[in-house]
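Undergrad:
In the numbering used here, the protein residues as written are 50 to 272.
#1: Determine the burial state of residue 80: buried for a count of at least 16 other Cβ atoms within 10 Å of its Cβ, exposed for fewer.
#2: Assuming contact is defined by CB atoms lying nearer than 7 Å, are residue 89 and residue 64 in contact in what I supplied?
#3: How would you label residue 141, buried or exposed, when you count the other beta carbons within 10 angstroms and need 16 or more for buried?
#4: If we call anything under 7 Å between Cβ atoms a contact, is residue 200 one with residue 147?
#5: Excluding the 5 residues flanking residue 98 on each side, which residues of the same chain have their C-beta closer than 6 Å to its C-beta?
#6: Starting from residue 142, trace the alpha helix (DSSP H) both ways and give me its first and last residue.
#7: Throw me the rounded Cβ distance for the residue 83 and residue 123 pair, which I believe falls under 8 Å.
#8: Taking the continuous alpha helix (DSSP H) assigned at residue 171, which residues delimit it?
#9: So the beta strand (DSSP E) residue 114 belongs to, where does it begin and stop?
#10: So residue 94 packs on residue 209, CB below 8 Å; how close in whole Å?
#11: What number of angstroms, rounded off, separates the C-alpha of residue 56 from the C-alpha of residue 242?
#12: What residues match up with residue 232 in a beta bridge as DSSP calls it?
#13: With DSSP as the reference, label residue 82 as helix, strand or coil.
#14: Can you name the residues that DSSP bridges to residue 119?
#15: Would residue 237 and residue 245 qualify as a contact pair, given that the criterion is a beta-carbon distance under 7 Å?
#16: How is residue 59 classed by DSSP in three states: helix, strand or coil?
#17: Within the same chain, show all residues whose beta-carbon is closer than 7 Å to that of residue 167, passing over the 5 residues directly before and after it, in chain order.
#18: Pick helix, strand or coil for residue 67, following the three-state DSSP scheme.
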């Protein structure tokens, strides 16, 4: 169920964000119809901001109009995810390179703290705690790049693959290797080694893509 939205302007942006999150979080499934009237009733608002939000979602490729069915959820396909991981590898690699050049001592200390928290969560298999810390780690090293537009682009891509990222928690060996990769990113940023920081960040994202594909193959093998 969608959360009740606040009604301060611009309402269309609030509606768009709510529907987008519902699709990316899996509350709306691929093939499911999104009916303006029903959504308006659920959110206790008029149909106009719903219609505007659905147009934006269509431009983003998350929904489509189908004959006799109306607006239908498309979601994020396997090909979409592979493409997004490739883009993330490039952008986060750039962010790590910039961070190595621009980071402060306090930012390095914060990264080390988050890294230790992640490693503790992995050892105790405390996945509910691991999820937000993992996100904060990536946000922190990208923020250290001091490039606001780059951070915004990376954050938007994270929205698409956050459910895929969590699927890697079923691979214990991947959790440990991910920690090792995170540590290489931090070490390179601390040493101000721009080339190594970029390489470590790219490698980490591409390995995450490989795990995602492995998970897909495993599901298909059990079907």
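The beta-carbon is built from N, C-alpha and C at its ideal position, and this holds for glycine as well. Please read these numbers as outputs of a predicted model, since none were measured by experiment.
TA: By the coordinates alone:
#1: Translated into the one-based positions of the chain shown, residue 80 becomes position 31. By the neighbour-count rule (16 or more Cβ atoms within 10 Å), residue 80 is not buried but exposed.
#2: Along the chain shown, one-based indexing puts residue 89 at 40. Along the chain shown, one-based indexing puts residue 64 at 15. No; because the gap between Cβ atoms is not below 7 Å, this pair is not in contact.
#3: In the chain shown, the residue the question calls residue 141 occupies position 92. Counting Cβ neighbours within 10 Å, residue 141 comes out buried, since at least 16 surround it.
#4: By one-based count along the chain shown, residue 200 stands at place 151. By one-based count along the chain shown, residue 147 stands at place 98. No. Outside cutoff.
#5: Counting from one through the chain shown, the residue named residue 98 turns up at place 49. So the list reads 60, 61 and 64, once near-sequence residues are dropped.
#6: For the purposes of this step, residue 142 is identified with residue 93 of the chain shown, where counting begins at 1. Its alpha helix (DSSP H) spans residues 127-151.
#7: Numbered from its first residue, the chain shown carries residue 83 at position 34. Numbered from its first residue, the chain shown carries residue 123 at position 74. Contact doesn't hold; Cβ gap of about 11 Å is too wide.
#8: Stepping through the chain shown from its first residue, residue 171 is reached at position 122. Per DSSP, residue 171 belongs to the alpha helix (DSSP H) from 154-173.
#9: As a position in the chain shown, residue 114 is number 65, starting the count at 1. From DSSP, the beta strand (DSSP E) with residue 114 extends over 112-115.
#10: Residue mapping note: residue 94 aligns to position 45 of the chain shown, counting from 1. Residue mapping note: residue 209 aligns to position 160 of the chain shown, counting from 1. At roughly 26 Å, the Cβ-Cβ gap does not stay under 8 Å, so residue 94 and residue 209 are not in contact.
#11: Numbered from 1 along the chain shown, position 7 holds the residue referred to as residue 56. Numbered from 1 along the chain shown, position 193 holds the residue referred to as residue 242. Unreliable positioning characterises residue 56 in this predicted model, as indicated by a pLDDT of 45, which lies under 50. The coordinate reading is nonetheless provided below. So the two alpha carbons sit approximately 48 Å from each other.
#12: Residue numbering aside, residue 232 sits at position 183 when the chain shown is read from its first letter. In DSSP, residue 232 forms no bridge with anything.
#13: The residue given as residue 82 occupies position 33 in the chain shown. In the structure shown, residue 82 sits in a strand (DSSP, three-state: E or B).
#14: For the purposes of this step, residue 119 is taken as the residue at position 70 of the chain shown. Partner(s): 115.
#15: Working through the chain shown from its first residue, we reach residue 237 at position 188. Working through the chain shown from its first residue, we reach residue 245 at position 196. Closer than 7 Å, so yes.
#16: Position 10 of the chain shown, counting from 1, holds the residue named residue 59. Three-state result, residue 59: coil.
#17: For this step, residue 167 is matched to residue 118 along the chain shown. Closer than 7 Å at Cβ, skipping near neighbours: 179, 182, 183, 186, 228 and 231.
#18: For the purposes of this step, residue 67 is identified with residue 18 of the chain shown, where counting begins at 1. Looking at residue 67 - three-state DSSP - the assignment turns out to be helix.
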